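J.: Line by line, the protein sequences give chains E and Z. Sequential numbering of the first sequence, starting at 13, is according to my numbering. Sequential numbering of the second sequence, starting at 22, is according to my numbering. Where a beta carbon is used, it is the ideal one built from N, C-alpha and C, also for glycine. All values derive from a computational prediction rather than experimental measurement.
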Amino acid sequence: RKEVEQDPGPFNVPEGATVAFNCTYSNSASQSFFWYRQDCRKEPKLLMSVYSSGNEDGRFTAQLNRASQYISLLIRDSKLSDSATYLCVVNKADKLIFGTGTRLQVFP
Amino acid sequence: DTGVSQDPRHKITKRGQNVTFRCDPISEHNRLYWYRQTLGQGPEFLTYFQNEAQLEKSRLLSDRFSAERPKGSFSTLEIQRTEQGDSAMYLCASSPRTGVNYGYTFGSGTRLTVV
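1) Under a three-way DSSP split, which group does SER64 (chain E) fall into?
2) Which residues, taken in chain order from the segment 89-119 of chain E, show a beta carbon closer than 8 Å to some beta carbon of chain Z?
3) In this structure, how does DSSP classify ASP84 (chain Z) when only helix, strand and coil are distinguished?
4) Quick one: which chain E residues come within Cβ less than 9 Å of GLU77 (chain Z)?
5) Checking 8 Å against the spacing of the C-beta atoms, do THR143 (chain Z) and PHE42 (chain Z) come in under that value?
6) Since GLU55 (chain E) meets chain Z, which of its residues come closer than 7 Å, beta carbon to beta carbon?
7) Compare the beta carbon distance of GLN117 (chain E) and ASN24 (chain E) with 8 Å and say whether it is the shorter of the two.
8) Relative to the C-alpha of LYS92 (chain Z), which candidate in Z:GLY37, Z:GLN75, Z:GLN101 and Z:ARG80 has its C-alpha closest?
9) Just to confirm the assignment, what range does the beta strand (DSSP E) spanning GLU65 (chain Z) have?
10) Could you tell me if GLN105 (chain Z) is buried or exposed, where buried requires 16 or more neighbouring beta carbons within 10 angstroms of its beta carbon?
11) Would ILE83 (chain E) be called buried (16 or more neighbouring beta carbons within 10 Å of its own) or exposed?
12) Assuming PHE46 (chain E) contacts LEU58 (chain E) under a Cβ cut-off of 8 Å, what Cβ separation, rounded to an integer in Å, is found between them?
13) Is PHE46 (chain E) close to chain Z, meaning its C-beta is less than 8 Å from at least one C-beta of that chain?
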């Protein structure tokens, strides 16, 4: 079993739609959680950190459920520019472990 | 430019040749990480340094791979006797000492193609 599991997608959604990605992790000792965004053939870039209390950054909302070892990302009012791969990331022993990513394609 | 720099951006090499990649981290970051990413996968951890000390190496890092960070600044990753399976994007990232709580900053990567 992979340490971080994500549905690879692709998720194809129209502009303006709301889309949610989920991720599960296996290491209950993990203490830091993130979502990264990766455009095609580019490096991953930090999108946002994830906390149990939930956090919101504009159209993006991230949530952590420690009991279920589950992380989510909600994107509201999708834009064409949101098309990318979204990587779920957890820390393990002082380094970050990445999921395989979920591909999002927003169409006009 | 105060980001993470990697050189070269692309490298095509023949099987069996040695290659070396360089990474220059953000200057005030004392942690430096190497990852490898293949198509359709997330980045996979290879190794990391705190200053000049190499603190951990992944089992993915065979004895053909070696990484150094001699003065705690830039780092090099060398692959000896390259194989076609080494073809991937090699990503370098840096972070402050407590970076695990803040995420990493990645460089643009070196794309290696072994022919």
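T.: Concretely, from the data shown:
1) Numbered from its first residue, the first sequence carries residue 64 (chain E) at position 52. Residue state, collapsed to three classes: coil.
2) Cβ contacts with chain Z come from LEU99, VAL101, ASN103, ALA105, ASP106, LYS107, LEU108, ILE109, PHE110, GLY111, THR112 and GLY113.
3) Position 63 of the second sequence, counted from the start, is the residue given in the question as residue 84 (chain Z). Judged by DSSP in its simplified three-state form, ASP84 (chain Z) adopts coil rather than helix or strand.
4) For the purposes of this step, residue 77 (chain Z) is taken as the residue at position 56 of the second sequence. Chain order gives the chain E residues near GLU77 (chain Z) as ALA105, ASP106 and LYS107, where near means a beta carbon separation below 9 Å.
5) Residue 143 (chain Z) cannot be examined here, being either before or after the span of chain Z that is shown, 22 to 136.
6) Along the first sequence, read from residue 1 onward, the residue named residue 55 (chain E) stands at position 43. Taking a Cβ-Cβ threshold of 7 Å, the residues of chain Z close to GLU55 (chain E) are LEU112, PHE127, GLY128, SER129 and GLY130, in chain order.
7) Counting from one through the first sequence, the residue named residue 117 (chain E) turns up at place 105. Counting from one through the first sequence, the residue named residue 24 (chain E) turns up at place 12. Taking 8 Å as the Cβ cut-off, GLN117 (chain E) and ASN24 (chain E) qualify as a contacting pair.
8) In the second sequence, counting from the first residue as 1, residue 92 (chain Z) sits at position 71. Among Z:GLY37, Z:GLN75, Z:GLN101 and Z:ARG80, the Cα nearest to that of LYS92 (chain Z) belongs to Z:GLN75.
9) Taking the first residue of the second sequence as position 1, residue 65 (chain Z) is located at position 44. In the DSSP assignment, GLU65 (chain Z) falls within the beta strand (DSSP E) that extends over 65-71.
10) Residue mapping note: residue 105 (chain Z) aligns to position 84 of the second sequence, counting from 1. By the neighbour-count rule (16 or more Cβ atoms within 10 Å), GLN105 (chain Z) is not buried but exposed.
11) As a position in the first sequence, residue 83 (chain E) is number 71, starting the count at 1. So ILE83 (chain E) counts as buried.
12) By 1-based counting over the first sequence, the position of residue 46 (chain E) is 34. By 1-based counting over the first sequence, the position of residue 58 (chain E) is 46. Confirmed, about 6 Å.
13) By 1-based counting over the first sequence, the position of residue 46 (chain E) is 34. Yes - at least one Cβ of chain Z is within 8 Å of the one on PHE46 (chain E).
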